[in-house]
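K.L.:
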Amino acid sequence: MPSSLGLSSYEMEDQEDVSWQGITAMPVGKEERLRHRHVGRGNQHFVDEETDVFEKGLDGSVLKPIETELRTREEKSSPLVSTLKLDDLRDQLEIGIERKFAPLHIPPNRRLQTAAVALWALFLPISIIFLLLLLSFPPLWGILIPYFIWIFFDTAPTHGGRAQEWARRGFMWKYFANYYPCSIVKADLPPDKPYLFGYHPHGIIGMGAFATFATEGTNFSEYFPGIKPHLMTLNSNFRIPFYREILLIHGCGSVAKKSCANVLSQGPGTAIAIVIGGATESLSAHPGTADLTLRKRFGFVKMAIREGADLVPVFSFGENDIYAQLANAKGSMVYKVQKKFQKVFGFTLPLFYGRGLFNYNYGLMPFRHPIVSVVGKPIHVERDPQPSNEKVQELQLKYIAELTRIWDKYKDLYARGRTKELTFVE
Numbered sequence: 010m011p012s013s014l015g016l017s018s019y020e021m022e023d024q025e026d027v028s029w030q031g032i033t034a035m036p037v038g039k040e041e042r043l044r045h046r047h048v049g050r051g052n053q054h055f056v057d058e059e060t061d062v063f064e065k066g067l068d069g070s071v072l073k074p075i076e077t078e079l080r081t082r083e084e085k086s087s088p089l090v091s092t093l094k095l096d097d098l099r100d101q102l103e104i105g106i107e108r109k110f111a112p113l114h115i116p117p118n119r120r121l122q123t124a125a126v127a128l129w130a131l132f133l134p135i136s137i138i139f140l141l142l143l144l145s146f147p148p149l150w151g152i153l154i155p156y157f158i159w160i161f162f163d164t165a166p167t168h169g170g171r172a173q174e175w176a177r178r179g180f181m182w183k184y185f186a187n188y189y190p191c192s193i194v195k196a197d198l199p200p201d202k203p204y205l206f207g208y209h210p211h212g213i214i215g216m217g218a219f220a221t222f223a224t225e226g227t228n229f230s231e232y233f234p235g236i237k238p239h240l241m242t243l244n245s246n247f248r249i250p251f252y253r254e255i256l257l258i259h260g261c262g263s264v265a266k267k268s269c270a271n272v273l274s275q276g277p278g279t280a281i282a283i284v285i286g287g288a289t290e291s292l293s294a295h296p297g298t299a300d301l302t303l304r305k306r307f308g309f310v311k312m313a314i315r316e317g318a319d320l321v322p323v324f325s326f327g328e329n330d331i332y333a334q335l336a337n338a339k340g341s342m343v344y345k346v347q348k349k350f351q352k353v354f355g356f357t358l359p360l361f362y363g364r365g366l367f368n369y370n371y372g373l374m375p376f377r378h379p380i381v382s383v384v385g386k387p388i389h390v391e392r393d394p395q396p397s398n399e400k401v402q403e404l405q406l407k408y409i410a411e412l413t414r415i416w417d418k419y420k421d422l423y424a425r426g427r428t429k430e431l432t433f434v435e
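Here the working numbering is used: the first residue of the sequence shown is 10, the next is one more, and so on.
Structure follows, in structure tokens:
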């Protein structure tokens, strides 16, 4: 049974040196977590459950569970503890709000995970900088100009890219997926028909979507043998020299209608994955929430009917929790500016932050929070080149019902820190 988490059955993981600032008189030491893996054979998903986090004294002796200590201190009159709930305090300890700097003495495996995520985030700026450097050297224009012409005529983005197994199985993607970690709860999908995966929620960037459908970081091909996925993204991404080549060799394609139809028409076992909510939904990506932009989205349903592709809802618990976003309630000035930007450029810029490479407080690196992609039951679709509006709406309601079933079944396991229930908007 493949594991997407990369942990042994029992793992004692030494964590970084931590100064628990703000908790009066709590000594500096190391925390240890004993992780026990439960293997769910029915859905082939691995769940890591953490036991109590124990405070370790300077002399190496185990003192008492931190949660017990927090409960005791919560009852006291300390201004900090009295104004925060126990869960809030534990969340602060977990995501490192009280930890100023990332310590040097962390396991090499975690360093590699961080490096993999950072490298992926830098692919785009590195591509742009590399292009500018080449343009500044006129003797190379004789190579760049034919390349630009080739980009203009290249049809790979409209045919599902140029997927290469060596790229999808690159060693860095295991580290990339295990950073959060990302994992899959599977459904039975026979490879005898095409599929359209709808991914929810968008999150800030859609890290879980890339890890699941563009790489083998979560062992997609082992969970779904015979199914070849293509993650569809904005066509503008394929206009960026060099960066586009990275996307193409991972099987990514343009999310344009023609491109989706071309891929699905390739026959049984072919699949496309679309992040349905798009840029609009990214503005609703706040930790603890699940506001899905879906009620007015009918295009993907029409596409599935026209090509006879079964619809497969995918809900990724934790996608909205890997970044924090500044408040941008509808009607606020921030929200209006973001929507105006989206209208002009076709995408928007959420005002988000995560952690840094060398600190736990602020930066553009995502927080380490599990992303669990639950693949729903396929919704059978009969091919119809000219579907009626009634048929489209009926299938969309079935799709929403399956997403709701996923949420209701797994929310208490994977969304225990939620601040509100699943909501369908727009």
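C-beta: ideal position from N, C-alpha, C; glycine also.
1) Would you call Ile-75 buried or exposed, if buried means 16 or more other Cβ atoms sit within 10 Å of its Cβ?
2) Determine the burial state of Ser-187: buried for a count of at least 16 other Cβ atoms within 10 Å of its Cβ, exposed for fewer.
3) Once you ignore the five residues that flank Pro-296 on each side, which residues in its own chain have a CB closer than 7 Å to its CB?
4) How is the beta strand (DSSP E) around Met-342 delimited, first residue to last?
5) Less than 6 Å between C-beta atoms, sequence neighbours within five positions excluded: which residues of the same chain meet that for Ala-424?
6) My guess is that Val-434 and Val-384 are in contact by the Cβ rule of under 8 Å, so how many angstroms apart are they, rounded?
7) Whose CA, out of Gly-212, Ile-213, Leu-198, lies closest to the CA of Phe-206?
8) For Gln-405, which three-state DSSP category applies?
9) So, with DSSP's three-state summary, where would you put Thr-357?
10) Rounded to the nearest angstrom, what separates Asp-319 and Asn-118 at their Cα positions?
11) For the candidate residues Ala-223, Ile-115, Pro-148, whose alpha-carbon lies nearest to that of Ile-236?
12) Is it right to say Leu-95 is buried, meaning 16 or more other beta carbons lie within 10 angstroms of its own, or is it exposed?
13) Between the segment 284 to 303 and the segment 247 to 257, can you find at least three pairs of beta-carbon atoms closer than 8 Å?
14) What's the gap between the Cα of Gly-286 and the Cα of Leu-142?
15) DSSP state of His-378, grouped into three classes?
16) Using the three-state DSSP reduction, which class does Ser-3 fall into: helix, strand or coil?
17) Which first and last residues belong to the beta strand (DSSP E) in which Leu-205 is found?
18) Could you give the first and the last residue of the continuous beta strand (DSSP E) run that contains Phe-229?
19) If you draw a straight line from the alpha carbon of Tyr-156 to that of Ala-299, how long is it in whole angstroms?
20) Note down, in chain order, each residue of its chain lying with its Cβ closer than 6 Å to the Cβ of Lys-429, except the 5 sequence neighbours on either side.
21) Which same chain residues end up closer than 7 Å to Lys-267 when comparing Cβ atoms and leaving out the 5 residues on each side of it in sequence?
22) Closest to Ile-258 by C-alpha separation, out of Phe-233, Asn-368, Ala-165, Gly-212, would be which residue?
23) Classify Lys-420 as helix, strand or coil using the three-state DSSP reduction.
24) Within the same chain, show all residues whose beta-carbon is closer than 7 Å to that of Phe-350, passing over the 5 residues directly before and after it, in chain order.
25) Between which residues of its own chain and Thr-436 is the CB-CB distance below 8 Å, once the five residues before and five after are set aside?
26) Exposed or buried, what is Tyr-371 when buried is set at 16 or more other beta-carbons lying within 10 Å of its beta-carbon?
27) For Ala-172, which of Val-321, Thr-413, Asp-201, Pro-238 has the nearest alpha-carbon?
28) Is it right to say Gly-151 is buried, meaning 16 or more other beta carbons lie within 10 angstroms of its own, or is it exposed?
29) Whole-angstrom Cβ separation of Gly-169 and Ile-380, contact assumed at under 8 Å?
30) Rounded C-beta distance between Gly-276 and Pro-396? I'm assuming under 8 Å.
31) From Phe-180, Tyr-362, Glu-316, Ser-230, pick the residue whose C-alpha is nearest to that of Leu-200; which is it?
32) To the nearest angstrom, report how far apart Ala-410 and Leu-131 are at their CA atoms.
33) Excluding the 5 residues preceding and the 5 following Glu-225 in the sequence, name in chain order all residues of the same chain whose CB lies nearer than 7 Å to its CB.
34) Quick check on Leu-301: does DSSP put it in helix, strand or coil?
35) Find the nearest neighbour of Lys-420 within the set Leu-149, Leu-153, Ser-382, judged by alpha-carbon distance.
36) Roughly how many angstroms separate the alpha carbons of Glu-403 and Pro-134, rounded to a whole number?
P.N.:
In terms of the structure at hand:
1) Below a pLDDT of 50, predicted positions are generally treated as unreliable, and Ile-75, at 44, falls in that range; the measurement from the model is reported next regardless. The residue is buried, with at least 16 neighbouring Cβ atoms inside 10 Å.
2) Sequence inspection shows Asn at residue 187; the Ser mentioned does not correspond to that position. Asn-187 counts as buried, since at least 16 other C-beta atoms from the protein chains shown sit within 10 angstroms of its C-beta.
3) Excluding sequence neighbours, Pro-296 sits near Asn-329, Asp-330, Ala-333.
4) Met-342 -> not in any beta strand (DSSP E); alpha helix (DSSP H) instead, spanning 342 to 354.
5) The beta carbon of Ala-424 lies closer than 6 Å to those of Phe-326 in the same chain, with the five residues before and after it left out.
6) Actually they are not in contact, since the Cβ atoms of Val-434 and Val-384 sit about 23 Å apart, beyond 8 Å.
7) When only C-alpha atoms are compared, the closest one is Leu-198.
8) Reduced to three states, the DSSP call for Gln-405 is helix.
9) In the three-state scheme derived from DSSP, where H, G and I count as helix and E and B as strand, Thr-357 is classed as coil.
10) Whole-angstrom Cα-Cα distance: 39 Å.
11) Answer by Cα proximity: Ala-223.
12) With a pLDDT of 42 at Leu-95, under the threshold of 50, the predicted position of this residue should be treated as unreliable, and no value is reported.
13) As far as the Cβ criterion goes, the segment 247 to 257 does not touch the segment 284 to 303, which means the pair count is below three.
14) CA-CA distance, Gly-286 to Leu-142, rounds to 36 Å.
15) The answer is coil: DSSP assigns His-378 none of H, G, I, E or B.
16) No answer is possible for residue 3: it lies beyond the span of the chain, which begins at 10 and ends at 435.
17) 204 to 209 is the extent of the beta strand (DSSP E) around Leu-205.
18) Per DSSP, Phe-229 is not a residue of any beta strand (DSSP E); the alpha helix (DSSP H) it occupies stretches across 229 to 232.
19) Rounded to whole angstroms, Tyr-156 to Ala-299 spans 42 Å at the Cα level.
20) Residues of the same chain with a CB within less than 6 Å of the CB of Lys-429, apart from the 5 flanking positions on each side, are Thr-298 in chain order.
21) Cβ neighbours of Lys-267 beyond the five flanking positions: Thr-167.
22) The candidate whose alpha carbon is nearest that of Ile-258 is Ala-165.
23) Reduced to three states, the DSSP call for Lys-420 is helix.
24) Cβ neighbours of Phe-350 beyond the five flanking positions: Thr-357, Leu-358.
25) In the structure as shown, the chain starts at 10 and stops at 435, and residue 436 therefore has no counterpart that could be examined.
26) By the 10 Å Cβ count, Tyr-371 comes out exposed.
27) Of all alpha-carbon atoms in Val-321, Thr-413, Asp-201, Pro-238, the one lying nearest the alpha-carbon of Ala-172 is that of Pro-238.
28) Gly-151 is classed as exposed because its beta carbon has fewer than 16 other beta carbons within 10 Å across all chains shown.
29) About 24 Å; that fails the 8 Å criterion.
30) The Cβ separation is near 21 Å, so there is no contact.
31) Here the sequence assigns Pro to residue 200, which means Leu is not the residue at that position. With distances taken between Cα atoms, Pro-200 lies closest to Ser-230.
32) If I take the Cα positions, the gap works out to 38 Å.
33) Within its own chain, the residues whose Cβ lies closer than 7 Å to the Cβ of Glu-225, once the five positions on either side in sequence are excluded, are Arg-177, Arg-178, Trp-182, listed in chain order.
34) DSSP places Leu-301 in the strand class (E or B) of the three-state scheme.
35) Put simply, of Leu-149, Leu-153, Ser-382 the residue whose alpha carbon is nearest the alpha carbon of Lys-420 is Ser-382.
36) Cα-Cα distance, rounded: 43 Å.
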